[in-house]
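Q:
There are 2 protein chains.
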Amino acid sequence: MARPRSQGPQTRERILDVALELFIERGYDRTSLRDIAQRLGITKAALYYYFERKEQIFIELHLRLHAIAGVILDEIEAVGDGSERVAAWPAMVSRLIVEMTENRNLMLMHRRNQTALVTLYTNEANLLQHEALEARLDRILSSPAITLEQRVRMAAAIGAVTEVFFDSGSAFDHVPPAELRACLQAVVADLLGTQRAPAPA
Amino acid sequence: MARPRSQGPQTRERILDVALELFIERGYDRTSLRDIAQRLGITKAALYYYFERKEQIFIELHLRLHAIAGVILDEIEAVGDGSERVAAWPAMVSRLIVEMTENRNLMLMHRRNQTALVTLYTNEANLLQHEALEARLDRILSSPAITLEQRVRMAAAIGAVTEVFFDSGSAFDHVPPAELRACLQAVVADLLGTQRAPAPA
DNA sequence: GTCTATATTTCGATAGAC
DNA sequence: GTCTATCGAAATATAGAC
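Chains as they are written, first to last, in the working numbering: chain C, 1 to 201; chain B, 1 to 201.
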């Protein structure tokens, strides 16, 4: 036999892989099921054996990112909402750097299809999950137990990581990944660790 | 007369305003010309009196952002590409904060329609302009005249601003804008000003 | 300038053979 | 599991009256 038996589950995963590629390249709304099938060498109708609707392909990929984000939020919420959380932030950002590196494509898809996300979740039960994640981060960054400046520093740390990893184009492409991560962590540690003297009222 | 004469040019601007709203809410791909016309109280066909194609509405809005970004890049490129540029970065970020505040909707549209942008500019002559802008920022952040850590700090400063302004949800909604800007500028200044001792080779 | 009406295309989704 | 064939909806864009 030229190919191994039972390619069913493998095909399903291949569909998700190809869809992820295309959702990144052209975006969800500009990717037709024909595009996905064509790149896989099958027909559009075959996709419906694995997925009921086009949305399900996107949602299934997106839920993988939800799971990762959920775990990170679990950890940071496990510590008290005051100075303990500020102290735990550098470790959280390190974790974020690891996850963003290992799940780069899922992150890219998420970042490039924000409007598709909003409209999809408007009609879905998953709306609850999705908004819940954002609300949890919001609540952390709104905690009255932490000074405004510290909360801004916490948000800035996240922004610093995402900017370097996803929005700086190819500016850091020629830097060895390990070196870039080390440098970024040093900068973030500095950003978070610096305590300014309380401003005079 | 119930309304002033010659509403032509005003209508054109109203189309752009409504389109901007909808491109932010639902995204470019999920906004039909019928949606735009409906919100304006006119018909779909009337839009074609002002714009040749749907893309032109989006491109015209996007070019306004290009103009703003171009001016900022002009300024930062006007100073030498070494330590002078590092020294000029805090002022550049301040400028960025002002522009992002004053052009918040254009920024939101840009950030939420990244895939639409890519596919649009694939077939347009404006591709040159668009990629040129990104390339200019890339070149600045790739300058061999600046240490890696400083370049990471420069990128991180941009990320910090965009995170707080656009990605932190409503976490800072209850902070007076002026106070938030001041706090952000202090954090950024700290982020950029801190010079670490050169690491031992 | 704005309308009605329509041409044309593309897409998601389904039916049914193999 | 994958195919061919097709339906129905929605979108962009055009033609021409007013």
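Every residue gets a Cβ at the ideal spot worked out from N, C-alpha and C, and that includes glycine.
Keep in mind it's a predicted model, so treat the numbers as computed, not measured.
Answer with yes or no whether the minimum CB distance from residue 145(C) to chain B is below 8 Å.
A: No, residue 145(C) does not count as interfacial toward chain B.
Q: According to the neighbour-count rule (16 or more other Cβ atoms, all chains shown, within 10 Å of its Cβ), is residue 178(C) buried or exposed?
A: It is exposed - the Cβ of residue 178(C) has fewer than 16 other Cβ atoms within 10 Å.
Q: Please list the terminal residues of the continuous alpha helix (DSSP H) segment that includes residue 66(B).
A: 54–77 is the extent of the alpha helix (DSSP H) around residue 66(B).
Q: Starting from residue 36(C), follow the alpha helix (DSSP H) in both directions and report where the run begins and ends.
A: Residues 33–40.
Q: Considering only residues of the same chain and omitting the five flanking positions on each side of residue 105(B), which have a CB-CB separation below 6 Å?
A: Cβ neighbours of residue 105(B) beyond the five flanking positions: 20.
Q: In chain B, which residues lie less than 7 Å from residue 142(C) when you measure between Cβ atoms?
A: Simply 171.
Q: State the Cα-Cα distance for the pair residue 4(B) and residue 42(B), rounded to the nearest angstrom.
A: Because the pLDDT of residue 4(B) is 44, which lies under 50, any placement of that residue in the model is unreliable, and the question is left without a value.
Q: Go through its chain and collect everything with a Cβ distance to residue 150(C)'s Cβ below 6 Å, but skip five positions before and after it.
A: Answer for residue 150(C): 86, listed in chain order.
Q: On the three-pair Cβ rule with 8 Å, is the region 114–124 of chain C touching the region 127–142 of chain B?
A: Too few Cβ pairs lie closer than 8 Å, so no.
Q: Given that a residue counts as buried once 16 or more other Cβ atoms are within 10 Å of its Cβ, and exposed if not, what is residue 80(C)?
A: That one is exposed.
Q: Below 8 Å between beta carbons is the criterion; list the residues of the region 90–114 of chain B that meet it against any residue of chain C, in chain order.
A: Residues 111, 112, 113, 114.
Q: Report yes or no: do the region 23–30 of chain B and the region 186–195 of chain C share at least 3 C-beta pairs separated by less than 8 Å?
A: Touching, no, given that fewer than three Cβ pairs across the two stretches are closer than 8 Å.
Q: State the DSSP-derived secondary structure class of residue 146(B), mapped to helix, strand or coil.
A: DSSP places residue 146(B) in coil when its eight states are reduced to three.
Q: Helix, strand or coil: which one does DSSP assign to residue 167(B)?
A: If DSSP states are grouped into helix, strand and coil, residue 167(B) belongs with the helices.
Q: Can you tell me whether residue 112(C) is buried or exposed, with buried defined as 16 or more other CB within 10 angstroms of its CB?
A: Residue 112(C) comes out buried.
Q: Buried or exposed: where does residue 159(C) fall if 16 or more other Cβ atoms within 10 Å of its Cβ makes it buried?
A: Label assigned to residue 159(C): buried.
Q: Relative to the alpha-carbon of residue 46(B), which residue among 55(B), 58(B), 33(B) has its alpha-carbon at the smallest distance?
A: That would be 33(B), whose Cα lies nearest to the Cα of residue 46(B).
Q: Using the C-alpha atoms, what's the distance from residue 16(C) back to residue 53(C)?
A: Residue 53(C) and residue 16(C): Cα-Cα distance of roughly 13 Å.
Q: Please confirm whether residue 86(C) has its beta-carbon closer than 8 Å to some beta-carbon of chain B.
A: No, residue 86(C) lies away from the interface with chain B (no Cβ there is under 8 Å from its Cβ).
Q: By the criterion of Cβ-Cβ separation under 7 Å, what are the contact partners of residue 168(C) in chain B?
A: Result: 141, 155.
Q: Residues of chain B with a CB under 7 Å from the CB of residue 26(C): which are they?
A: Within chain B, the residues near residue 26(C) are 115, 119.
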